[in-house]
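Peer 1:
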Amino acid sequence: RGFSSSISPIGCRCGERGSACDRAKVLVEVMERVSARIPAKINLSLSVGPLRSDGYHEIMTLFQAISLFDDVVVSRSDVEQIEISGSYTNGVPANSENLAVKATHLVMREYGIAEKLSIQIKKEIPVAAGLAGGSADAAGALLATDALFGSEIPKARLMQLASELGSDVPFSLTGQTALGRGRGEEITPALSRGEFHWVLGIAAHGLSTPAVYSECDRLREGMNVAPPRISEAVMHALLSGDAENLGKHLSNDLAPAALSLKPALRMVLDVANEYAALGSIVSGSGPTIAILARDEEHAIDLAVALSASGVVSNVARAIGPVPGARIIDSK
Ligand code: C5P
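As structure tokens, this is what we get:
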């Protein structure tokens, strides 16, 4: 590890740039490479309100971060580059369209840094699956770039930058279980007890989030859309760690739209039912189906049954809640 000998390249975060503040004159560790690990999310409840004038829908959702992770490594480099590896690489842009690249640029713009970075993403979160995989990568890149430059962006500002990148990115930073309001970016932690066991039915081809929201609008045409709300029952089930009760209260207003665009998803819900799942739900805009099991053993049985049924292309098991984006290595 190297240490710079005088002033932090970015000055102090109090707002006084460079030498104006004495706190800027500290020894700053110069990182070469920082790795972050970020979880996928599922939506235990997703209530979609009216379409806003900015093109987003007012929503209220209960997010839970689950133990399926992408890793994002950000390094100083002579050339700007991005490399994608892992189980799910199809459809991930390996260029400046990638949200992780945009995240590194946002952090550098914030502090007037112009450096070339190399980004490596190991994707274990399925793509366009309703699991916030792209948002996870953006959150990981934000955190890793911040650590790389020692910029220590205040948490509130980091959350703002995250919401500029996408509605689900702030939650990818915080993880655990949380309520999302607005377009999903206003995060309030929610109390949850114990551990829940999930089985994910993953489709071969993803669904585009805007397409699912548009289909939702089409299906609701002419209807009076109420403001979004989350039921007391689901909050209570979480608070008491009651998986059986949680299973009964999973809900998603985007499910009819996802099922309309991908009718075969019904077969996944049927298999979950047949094997006594506590509940099953389309995650976010889908097409992943999140299936709640009683315990680990039941989750294994469900996963085996779902694989054998052939109605999904992949099956994963995960527990939730887990923490949000975190640094796992730096040098
Ligand atoms: O925020 P993000 O870029 O992930 O959103 C992608 C698209 O999903 C939006 O452009 C919009 O079409 C739709 N969306 C929405 N209402 C939300 C979140 C997303 O209509 N609350």
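Everything in the sequence shown is counted per my numbering, starting at 1111 for the first residue and increasing by one.
Don't be surprised by glycine CBs; every beta carbon is placed ideally from N, CA and C.
Note that the coordinates shown come from a computational prediction; the quantities given were computed from them, not determined experimentally.
Which of the three DSSP states, helix, strand or coil, is assigned to Pro1397?
Peer 2: Here residue 1397 corresponds to residue number 287 of the sequence shown, with the count starting at 1. It is coil, neither helix nor strand.
Peer 1: Considering only C-alpha positions, which residue in the set Arg1291, Ala1343 and Ala1413 is nearest to Val1158?
Peer 2: Position 48 of the sequence shown, counted from the first residue, corresponds to residue 1158. Nearest C-alpha to Val1158: Arg1291.
Peer 1: Here's the rule: buried if 16 or more other CB atoms are within 10 angstroms of the residue's CB, otherwise exposed. What is His1315?
Peer 2: For this step, residue 1315 is matched to residue 205 along the sequence shown. Classification of His1315: exposed, given that the 10 Å Cβ count is below 16.
Peer 1: Determine the direct distance from the alpha carbon of Glu1220 to that of Ile1148, and round the result to whole angstroms.
Peer 2: Numbered from its first residue, the sequence shown carries residue 1148 at position 38. Numbered from its first residue, the sequence shown carries residue 1220 at position 110. If I take the Cα positions, the gap works out to 22 Å.
Peer 1: Just to confirm the assignment, what range does the alpha helix (DSSP H) spanning Asn1153 have?
Peer 2: Residue 1153 sits at position 43 when you count from the first residue of the sequence shown. Not the alpha helix (DSSP H): Asn1153 falls in the beta strand (DSSP E), residues Arg1143 to Leu1161.
Peer 1: What number of angstroms, rounded off, separates the C-alpha of Gly1311 from the C-alpha of Val1140?
Peer 2: The sequence position of residue 1311 within the sequence shown is 201, counting from 1. The sequence position of residue 1140 within the sequence shown is 30, counting from 1. Each residue's Cα considered, the two are about 43 Å apart.
Peer 1: Using C-beta distances below 7 Å, list every residue in its chain close to Ala1238, excluding the 5 sequence neighbours before and after it, in chain order.
Peer 2: Sequence index remark: in the sequence shown, residue 1238 carries index 128 (1-based). Once the five neighbours on either side are set aside, the close Cβ partners of Ala1238 are Gly1201, Gly1316, Leu1317 and Ser1318.
Peer 1: From the DSSP output, read off the bridge partner residues of Ile1391.
Peer 2: Numbered from its first residue, the sequence shown carries residue 1391 at position 281. For Ile1391, which the question treats as bridged, DSSP gives the partners Ala1400.
Peer 1: Starting from the Cα of Gln1230, find the closest Cα among Glu1193, Leu1216 and Ala1413 and give me that residue.
Peer 2: Here residue 1230 refers to the residue found at position 120 of the sequence shown. Answer by Cα proximity: Glu1193.
Peer 1: Confirm, please, whether the CB-CB distance from Ala1242 to Ala1210 is below 8 Å.
Peer 2: Mapped onto the sequence shown, residue 1210 falls at position 100. Mapped onto the sequence shown, residue 1242 falls at position 132. In this structure, Ala1242 does not lie closer than 8 Å to Ala1210 by Cβ.
Peer 1: Secondary structure at Phe1259, three-state DSSP: helix, strand or coil?
Peer 2: Counting from 1 along the sequence shown, the entry for residue 1259 is found at position 149. Note: Phe1259 maps to coil in three-state DSSP.
Peer 1: For Leu1226, count neighbouring Cβ atoms within 10 angstroms of its own Cβ and tell me buried if that reaches 16, exposed if not.
Peer 2: Taking the first residue of the sequence shown as 1, we reach residue 1226 at position 116. The sequence given here places Lys at residue 1226; Leu does not occur at that position. The residue in question, Lys1226, is exposed, as its Cβ has fewer than 16 Cβ neighbours within 10 Å.
Peer 1: Cα-Cα, which of Ala1246, Ala1353 and Ala1367 is closest to Ala1403?
Peer 2: In the sequence shown, residue 1403 corresponds to position 293, counting from 1. Closest by alpha carbon: Ala1353.
Peer 1: If you run the structure through DSSP and keep just helix, strand and coil, what is Val1140?
Peer 2: The sequence position of residue 1140 within the sequence shown is 30, counting from 1. DSSP places Val1140 in strand when its eight states are reduced to three.
Peer 1: Would the C-beta of Asp1278 count as close to the ligand C5P, meaning under 7 Å from any of its heavy atoms?
Peer 2: Within the sequence shown, the letter at position 168 stands for residue 1278. Yes, since a heavy atom of the ligand C5P falls inside the 7 Å radius drawn around the Cβ of Asp1278.
Peer 1: Output the distance between the C-alpha atoms of Ser1115 and Leu1252, rounded to the nearest integer angstrom.
Peer 2: Residue 1115 sits at position 5 when you count from the first residue of the sequence shown. Residue 1252 sits at position 142 when you count from the first residue of the sequence shown. The pLDDT assigned to Ser1115 is 30, lower than 50, so where the model puts this residue is not dependable, and the model offers no usable value.
Peer 1: DSSP beta-bridge partners for Pro1433?
Peer 2: Here residue 1433 refers to the residue found at position 323 when the sequence shown is read from its first residue. Note: Pro1433 sits in a beta bridge opposite Gly1285.
Peer 1: Among the residues of its own chain, which have a CB less than 7 Å from the CB of Leu1379, if the five just before and after it don't count?
Peer 2: Stepping through the sequence shown from its first residue, residue 1379 is reached at position 269. Cβ within range, chain order: Ser1390 and Ile1399.
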